[in-house]
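Protein chains in written order, with the UniProt record's numbering: chain A, 1 to 120; chain B, 1 to 120. We put the CB at the ideal spot given by N, CA and C, even for glycine. As the structure is a prediction and not an experimental result, all values here were calculated from the model. Right, one structure below, let's go through it.
There are 2 protein chains.
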Amino acid sequence: MNYNEFKYCGLNVALGVLSGKWKPVILFYLFHQEEIRFTELWRAIPKVAKKVLLEQLRQMEQDELIIRDEKNGFPPEVWYRISEKGKALGPALAALESWANEHAAEKVDMLKSRRKVTLR
Amino acid sequence: MNYNEFKYCGLNVALGVLSGKWKPVILFYLFHQEEIRFTELWRAIPKVAKKVLLEQLRQMEQDELIIRDEKNGFPPEVWYRISEKGKALGPALAALESWANEHAAEKVDMLKSRRKVTLR
DNA sequence: GATGAAGGTAACTTTTAAGTAACCTGTTTA
DNA sequence: TAAACAGGTTACTTAAAAGTTACCTTCATC
Chain A
1 MNYNEFKYCG LNVALGVLSG KWKPVILFYL FHQEEIRFTE LWRAIPKVAK KVLLEQLRQM
61 EQDELIIRDE KNGFPPEVWY RISEKGKALG PALAALESWA NEHAAEKVDM LKSRRKVTLR
Chain B
1 MNYNEFKYCG LNVALGVLSG KWKPVILFYL FHQEEIRFTE LWRAIPKVAK KVLLEQLRQM
61 EQDELIIRDE KNGFPPEVWY RISEKGKALG PALAALESWA NEHAAEKVDM LKSRRKVTLR
């Protein structure tokens with residue numbers, strides 16, 4: 001194994017599509033809500049810049065994790081939802097989630113209001 | 001769910017410890033080899049700067065994914081190996097890996113010399 | 001006819017991550 | 001006695017990611 005081989009290894013590819021400051025939260029919302037409008041999502045994530053949120057959504061769309069649905073009309077209405085390919089990430093995300101709960105509880109426990117969360 | 005809650009959610013914590021350009025490949029080596037010397041690792045990953053490799057190793061050590069073992073003597077001899085906590089990431093990484101193989105085969109297939117790979 | 005709505009874009013700045021190059025440590029070997 | 005070894009550190013540069021602000025569209029309402 002050398003680095004050039006590794007670049008195209010599945011692990012790297014998968015982590016690649018997840019890398020981006022806001023992508024995990026976006027996925028999180030879409031896993032729970034299945035359909036959300038751009039502005040609603042934007043307001044739900046209070047600190048993200050519109051531009052950056054758009055960039056991340058575009059990348060995720062390109063990676064086919066999410067689907068962008070534009071109704072034509074005014075004011076514009078754009079819905080995002082998770083794709084099958086995106087949904088298929090569920091088990092892997094759940095595995096990461098449970099690793100953190102079991103092995104990095106200190107960090108996770110900073111979340112005061114614990115809540116069972118399932119990504120499936 | 002708001003963003004502040006999400007920051008400490010397990011998914012974000014887990015992705016946090018994995019984020020870093022060279023961390024996946026480091027894990028990859030350590031999953032296959034269990035013990036590797038710094039310079040050996042450095043030479044195995046041809047393009048990484050020593051400084052950066054060290055930074056990533058330090059972070060992973062802090063996150064307790066890996067264990068640094070220093071023999072005292074000269075020339076220095078430092079071995080890195082995966083910890084139990086790190087090993088416990090195996091199933092999650094395997095899940096990511098297999099997601100990529102099933103759903104992003106185009107990208108993974110750029111790896112000409114395919115080889116079955118297991119992270120367990 | 002100005003204002004506000006939703007979903008953008010464009011130009012620019014700041015912050016963070018990664019990369020480069022030179023140097024340091026003591027022991028061994030040439 | 002000078003070079004090579006392994007594992008670093010330091011000071012500095014570059015590139016990439018994220019953030020800021022202002023502006024655009026087109027229709028509806030004030």
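message = I'd like to check one pair, Arg81/B with Glu40/B: are the Cβ atoms closer than 8 angstroms?
response = no
request  = Identify whether Glu35/A lies in helix, strand or coil by the three-state DSSP scheme.
outcome  = coil
request  = Please list the partners that Lys50/B has in chain A, where partner means a Cβ-to-Cβ separation under 8 angstroms.
outcome  = Those within 8 angstroms of Lys50/B in chain A number zero; the least Cβ separation is about 15 angstroms.
inquiry  = Below 7 angstroms on C-beta distance, what does Trp42/A contact in chain B?
reply    = What Trp42/A touches in chain B: nothing, since even the nearest Cβ is about 11 angstroms away.
task = Assuming Gly60/B and Ile36/B form a contact by the criterion Cβ under 8 angstroms, report the distance between their Cβ atoms to the nearest whole angstrom.
result = At residue 60/B the sequence reads Met, which differs from the Gly that was named. About 13 angstroms; that fails the 8 angstroms criterion.
message = For a test of the three-state rule: what should DSSP assign to Glu64/B, helix, strand or coil?
response = coil
task = Report yes if the C-beta distance between Leu96/B and Leu11/A is below 8 angstroms; otherwise report no.
result = yes
task = Could you pull out every residue in the same chain whose Cβ sits closer than 8 angstroms to the Cβ of Val78/A, ignoring the five residues on either side in sequence?
result = Arg37, Phe38, Arg68, Asp69, Glu70 and Lys71
query = If you measure from the beta carbon of Leu57/B to each beta carbon in chain A, is any gap under 8 angstroms?
reply = no
query = To which residues does DSSP link Trp79/A through a beta bridge?
reply = Arg37/A and Asp69/A
request  = For Lys85/A, return the contacting residues in chain B, with the cut-off set at a CB-CB distance below 7 angstroms.
outcome  = His103
request  = My understanding is that Val17/B touches Val108/A, with C-beta atoms under 8 angstroms, so please give their C-beta distance in whole angstroms.
outcome  = In fact, because the Cβ distance is near 12 angstroms, the residues do not count as touching under 8 angstroms.
ask   = Measuring CB to CB, does Phe28/B end up less than 8 angstroms from Gly90/B?
value = no
Span of the alpha helix (DSSP H), counted from its first residue to its last, around Lys85/B = Glu84 to Lys87
message = By the DSSP assignment, the alpha helix (DSSP H) with Ser98/A in it spans what residues?
response = Gly90 to His103
task = Classify Gly20/B as helix, strand or coil using the three-state DSSP reduction.
result = coil
query = Where does Ala92/B land, buried or exposed, given buried means 16+ other C-beta within 10 angstroms?
reply = buried
key: Coarse secondary structure for Ala44/A, derived from DSSP in three states   = helix
ask   = Is Gly86/B buried or exposed, if buried means 16 or more other CB atoms sit within 10 Å of its CB?
value = buried
message = Check whether chain A comes within 8 angstroms of Glu34/B, counting only Cβ atoms and requiring the distance to be less than that.
response = no
message = Within a Cβ cutoff of 7 angstroms, which residues of the same chain sit near Ala44/B, ignoring the five residues on either side of it in sequence?
response = Tyr29
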